[in-house]
Amino acid sequence: MERYTINGIFLGTGTSQGVPVIGCNCAVCHSQDARDKRLRTAFFLDVNGVHFVIDAGCDFRQQMLTNNITSLDAILITHEHKDHLAGLDDIRPFNFMKHEPLPIFAEQRVVEAIKREYSYVFKEHPYPGAPMMNVQEITEEAFSYKGITIQPLRVNHMTLPIFGYRIGQFAYITDASFIPETTMKLLEGVDILVINALRFREHYSHFNVSQAIEVIQKIKPRQAYLTHCSHDIGFYEKTSKTLPPDIFLAYDNLQIHCL
Ligand SMILES: [Zn+2]
Ligand SMILES: [Zn+2]
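Here numbering that gives the first Met the number 0 is used: the first residue of the sequence shown is 0, the next is one more, and so on.
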């Protein structure tokens, strides 16, 4: 695998409902610590100057504004659940700035979901001002975009096969509850691994903290970050201190760098 200069930003680190949860009275949902406020999971990557976002959920607009992201080359989608897909209408400012459709990479089933859920985008004569998407179907094979090699990583979200992504020495996996051996092989030698950890108790469709740590300890990255967390992850301040060395609890707007 190539090595790139990679800068990343955790745009959102929350599970599908985000944190705080509407109507929840728990202490975490009422925390004053900004690191306990989690938008829906997404990630910004600058790879040798090429800008990617992984997933565009409901908070996409706010995430772009908060992090002053003014140029975007492509979006990589992990799967079709709304917390990863519901923000695609808000790519329009990027369309208007560049006067061209934004490439969106996803596997076949997800492409079909995008075409169904954003049907107005794909009409023969869409209304003026509709988002412009250049949806590109990918498989488990590595592909190249603007000189950057992207390796999709097959993982399972309960029974749903979804994608993580490896780019050079960086890998990103969210919403996984199982990682096949073939994918574990593709993760060999990563420096930085981002992986989902919902909470401490087990969950049917997402890794919990101990399962995520088990995967990390097999892959042995230089550093790992836990994301897609619910309010049950506890306070950032407290939970982050319980993790093994070089495993970090991610929080919104946290930046990472790998050379
Ligand atoms: Zn999710
Ligand atoms: Zn709560």
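Heads up, the beta-carbon is just placed ideally off N, CA and C, and yes, glycines get one too.
query: Nearest to T158 by CA position, among S204, P179, I147 and M183, is which residue?
result: The sequence position of residue 158 within the sequence shown is 159, counting from 1. It is S204 whose Cα lies nearest to the Cα of T158.
query: Would you report the Cα separation of R37 and V18, rounded to the nearest angstrom?
result: Counting from one through the sequence shown, the residue named residue 37 turns up at place 38. Counting from one through the sequence shown, the residue named residue 18 turns up at place 19. Taking the CA atoms as reference points, R37 sits about 5 angstroms from V18.
field: Under 8 angstroms between C-beta atoms of C28 and R39
entry: Locating residue 28 in the sequence shown gives position 29, counting from the first residue. Locating residue 39 in the sequence shown gives position 40, counting from the first residue. No, Cβ-Cβ distance for C28 and R39 is not below 8 angstroms.
Sheet register partners of H256 (DSSP bridge): Your numbering for residue 256 matches position 257 in the sequence shown. Residue pairing by DSSP places H256 opposite N6 in a beta bridge.
- request: Specify the secondary structure class of A175 as computed by DSSP and reduced to three states.
  value: On the sequence shown, position 176 is the one that residue 175 refers to. In the structure shown, A175 sits in coil (DSSP, three-state: anything other than H, G, I, E or B).
field: Helix, strand or coil at A73 according to DSSP, with G and I counted as helix
entry: Taking the first residue of the sequence shown as position 1, residue 73 is located at position 74. In the structure shown, the three-state DSSP call for A73 is strand.
- prompt: What residues in its chain sit with their C-beta under 6 angstroms from that of I74, if we drop five residues either side in the sequence?
  reply: Residue mapping note: residue 74 aligns to position 75 of the sequence shown, counting from 1. Only V52, A55 and I103 meet the Cβ criterion.
message: For R165 and Q16, what's the separation of their Cα atoms in angstroms?
response: By 1-based counting over the sequence shown, the position of residue 165 is 166. By 1-based counting over the sequence shown, the position of residue 16 is 17. Cα to Cα, the separation comes out at about 26 angstroms.
- request: Kindly examine ligand 1 and report whether one of its heavy atoms sits closer than 7 angstroms to the Cβ of H80.
  value: By 1-based counting over the sequence shown, the position of residue 80 is 81. Yes, the beta carbon of H80 sits closer than 7 angstroms to at least one heavy atom of ligand 1.
field: Neighbourhood of L83 by C-beta distance below 6 angstroms, restricted to the same chain and skipping five residues each side
entry: Reading the sequence shown from its first residue, position 84 is the one you call residue 83. For the record, residue 83 in the displayed sequence is His; it is not Leu. Answer for H83: D54, G56 and T77, listed in chain order.
message: Could you tell me the alpha carbon to alpha carbon distance between E187 and T12, rounded to whole angstroms?
response: The residue given as residue 187 occupies position 188 in the sequence shown. The residue given as residue 12 occupies position 13 in the sequence shown. The alpha-carbon atoms of E187 and T12 are separated by roughly 24 angstroms.
query: Would you say the beta carbon of H227 comes nearer than 7 angstroms to a heavy atom of ligand 2?
result: Stepping through the sequence shown from its first residue, residue 227 is reached at position 228. Incorrect: H227 has no Cβ contact closer than 7 angstroms to ligand 2.
query: If you count every other CB in all the chains shown that lies within 10 Å of the CB of Y126, and 16 or more means buried, which is it?
result: Position 127 of the sequence shown, counted from the first residue, corresponds to residue 126. Classification for Y126: exposed.
- request: Identify the continuous beta strand (DSSP E) that holds Y235 and give its terminal residues.
  value: Here residue 235 is taken as the residue at index 236 of the sequence shown, counted from 1. From DSSP, Y235 is part of no beta strand (DSSP E) but of the alpha helix (DSSP H) over Y235 to T238.
message: So, under 8 angstroms CB-CB, L71 and L101 are touching, yes? Tell me the CB distance rounded to an integer number of Å.
response: Locating residue 71 in the sequence shown gives position 72, where the first residue counts as 1. Locating residue 101 in the sequence shown gives position 102, where the first residue counts as 1. Indeed, because the Cβ distance is near 7 angstroms, the residues count as touching under 8 angstroms.
Contact the segment 128-145 vs the segment 221-230: 3+ CB pairs below 8 angstroms: no
message: Just to confirm the assignment: which complete alpha helix (DSSP H) runs, minimum length 4, are found wholly within the segment 208-236?
response: Counting only runs that start and end inside the segment 208-236, the alpha helix (DSSP H) elements of at least 4 residues fall at 208-218.
message: Tell me the rounded alpha-carbon separation between E116 and V189.
response: Taking the first residue of the sequence shown as 1, we reach residue 116 at position 117. Taking the first residue of the sequence shown as 1, we reach residue 189 at position 190. Cα to Cα, E116 sits roughly 35 angstroms from V189.
field: Sub-8 angstroms separation of I191 and I246 beta-carbons
entry: Position 192 of the sequence shown, counted from the first residue, corresponds to residue 191. Position 247 of the sequence shown, counted from the first residue, corresponds to residue 246. Not closer than 8 angstroms, so no.
message: Taking its Cβ as the centre, do 16 or more other Cβ atoms sit within 10 Å of A26, making it buried, or is it exposed?
response: Position 27 of the sequence shown, counted from the first residue, corresponds to residue 26. With fewer than 16 Cβ atoms within 10 Å of its Cβ, A26 is classed as exposed.
task: Excluding the 5 residues preceding and the 5 following D174 in the sequence, name in chain order all residues of the same chain whose CB lies nearer than 7 angstroms to its CB.
output: As a first step, residue 174 must be located in the sequence shown, where it is residue number 175. These residues qualify, in order along the chain: T77, H78, H156, I161, N195, H205 and H227.
- prompt: Going by Cα to Cα distance, which pick from L185, S239 and N67 is closest to G163?
  reply: Translated into positions along the sequence shown, residue 163 becomes position 164. For G163, the closest C-alpha among the options L185, S239 and N67 is that of L185.
field: Three-state secondary structure assigned by DSSP to P40
entry: Start at 1 with the first residue of the sequence shown, and residue 40 comes out as number 41. Correcting the residue type first, residue 40 is Thr in the shown sequence and not Pro. Three-state DSSP puts T40 in coil, outside helix and strand.
message: If you reduce the DSSP assignment to three classes, tell me which class S143 lands in.
response: Along the sequence shown, one-based indexing puts residue 143 at 144. Looking at S143 - three-state DSSP - the assignment turns out to be strand.
query: Helix, strand or coil: how does DSSP classify D45 here?
result: One-based indexing of the sequence shown puts residue 45 at position 46. Looking at D45 - three-state DSSP - the assignment turns out to be strand.
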